[in-house]
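Undergrad:
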Amino acid sequence: MTNRLPKGRGAQSDGADTNASHQPVRQVTPGATTLIVYFSRSGNTEAQARTAAQYLGADSYELVVAHPYPVDYRASVDRATRERENREWPALLTADLPDLSQYQLILLGHPIWAMTPANPMRQFLEQFGNQLAGKRLASFATNAGYGAGDTQQVLARLTPASTVVLPNYSIQDVHLERTVSAFKRWLDQTKGESSL
Ligand SMILES: Cc1cc2nc3c(=O)[nH]c(=O)nc-3n(C[C@H](O)[C@H](O)[C@H](O)COP(=O)(O)O)c2cc1C
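Numbering (our numbering), first residue to last: 453 to 648.
(1) Is A532 near N582, with beta carbons less than 7 Å apart?
(2) Can you give me the Cβ contacts of Q579 inside the same chain, cut-off strictly under 8 Å, excluding the 5 residues immediately before and after it?
(3) Could you check if V529 belongs to the surroundings of ligand 1, using beta carbon to heavy atom distance under 6 Å?
(4) Taking only the alpha-carbon atoms, compute the straight-line gap between D551 and T486 and give it to the nearest angstrom.
(5) For P563, verify whether its CB is less than 6 Å away from any heavy atom of ligand 1.
(6) Count the other CB atoms within 10 Å of the CB of N620; is the residue buried (16 or more) or exposed (fewer)?
(7) Under DSSP, the alpha helix (DSSP H) around L607 begins and ends at which residues?
(8) Near N455, what residues of its chain come up, given a Cβ to Cβ distance below 8 Å and the 5 sequence neighbours on each side ignored?
(9) Kindly examine ligand 1 and report whether one of its heavy atoms sits closer than 6 Å to the Cβ of R526.
(10) Would you check whether ligand 1 has a heavy atom nearer than 6 Å to the C-beta of G597?
(11) Is the closest heavy atom of ligand 1 to the C-beta of D511 under 6 Å?
(12) Locate the alpha helix (DSSP H) running through W638, then write down its first and last residues.
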């Protein structure tokens with residue numbers, strides 16, 4: 453992740469998603485039962501994912517697209533729109549995806565793009581949704597002020613054999629830092645047995 457604070461509408465990517473200055477995050481621990489799978493173009497969702505991993509003591513896996521989105525926000529929106537309209541979701545580099553059978557709870561983190569989960573998370577769900585069968589799931593998102601859109605419905609539709617245990621937690625990018633305690637309260641609920 454870059455030093456620049458990425459939050460806010462129109463946030464720039466560093467041109468290599470958030471990975472220009474470090475390897476993609478892949479933290480796998482023997483015995484861990486919670487995994488956070490996330491995508492972040494400009495760092496906001498990565499900040500949330502880091503908070504979640506530290507707070508829960510969970511493993512983490514960052515989704516990386518084969519072809520990074522452009523640095524420029526508008527150019528990224530244009531590409532994302534084309535992909536969505538053509539339903540040509542971006543290829544992911546998942547050769548090092550952890551063995552999902554280890555985990556009971558999987559948290560999915562992603563930005564909201566066009567009022568739905570960002571295209572790389574959509575691709576993950578299309579490709580690996582079946583492998584989440586029998587697991588407890590919940591998702592968190594960051595957005596620029598327009599909410600989570602149809603995230604909950606997309607998650608339920610693409611993971612029919614999983615149990616979605618909580619409503620999506622979606623927060624506006626500029627409020628990330630001041631809402632950490634609310635996010636932690638949501639994370640607390642992921643540990644419980646309650647289901648929707
Ligand atoms: C292609 C694209 C589409 C977006 N569409 C929306 C949207 O529909 N609603 C919204 O509130 N924010 C939208 N945003 C803003 C991002 O959701 C928001 O800035 C988010 O925090 C970025 O997360 P990241 O830094 O983890 O990539 C969009 C951003 C991009 C790049």
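Virtual Cβ for every residue (Gly too), placed ideally from N, Cα, C. Computed from a prediction, not measured in an experiment: that's the story for all the values here.
TA: So, to answer that:
(1) The sequence position of residue 532 within the sequence shown is 80, counting from 1. The sequence position of residue 582 within the sequence shown is 130, counting from 1. Contact: no.
(2) Residue 579 sits at position 127 when you count from the first residue of the sequence shown. L544, T546, listed in sequence order.
(3) Along the sequence shown, read from residue 1 onward, the residue named residue 529 stands at position 77. Yes, ligand 1 has a heavy atom inside 6 Å of this Cβ.
(4) For the purposes of this step, residue 551 is taken as the residue at position 99 of the sequence shown. For the purposes of this step, residue 486 is taken as the residue at position 34 of the sequence shown. Distance between the alpha carbons of D551 and T486: 12 Å.
(5) The residue given as residue 563 occupies position 111 in the sequence shown. Checking every heavy atom of ligand 1 against the Cβ of P563, one is found closer than 6 Å.
(6) Counting from 1 along the sequence shown, the entry for residue 620 is found at position 168. N620 should be labelled buried.
(7) Here the question's residue 607 lines up with position 155 in the sequence shown. DSSP places L607 inside the alpha helix (DSSP H), whose first and last residues are 603-610.
(8) Here residue 455 refers to the residue found at position 3 when the sequence shown is read from its first residue. Any reading at N455 must be qualified, since the residue scores a pLDDT of 40, below 50, and its modelled position is unreliable; no value is offered.
(9) Position 74 of the sequence shown, counting from 1, holds the residue named residue 526. No.
(10) Taking the sequence shown and counting its residues from 1, one reaches residue 597 at position 145. Yes, Cβ of G597 sits closer than 6 Å to a heavy atom of ligand 1.
(11) Sequence index remark: in the sequence shown, residue 511 carries index 59 (1-based). False, no ligand heavy atom lies under 6 Å from that Cβ.
(12) As a working note, residue 638 is residue 186 in the sequence shown. Here the alpha helix (DSSP H) through W638 covers 632-642.
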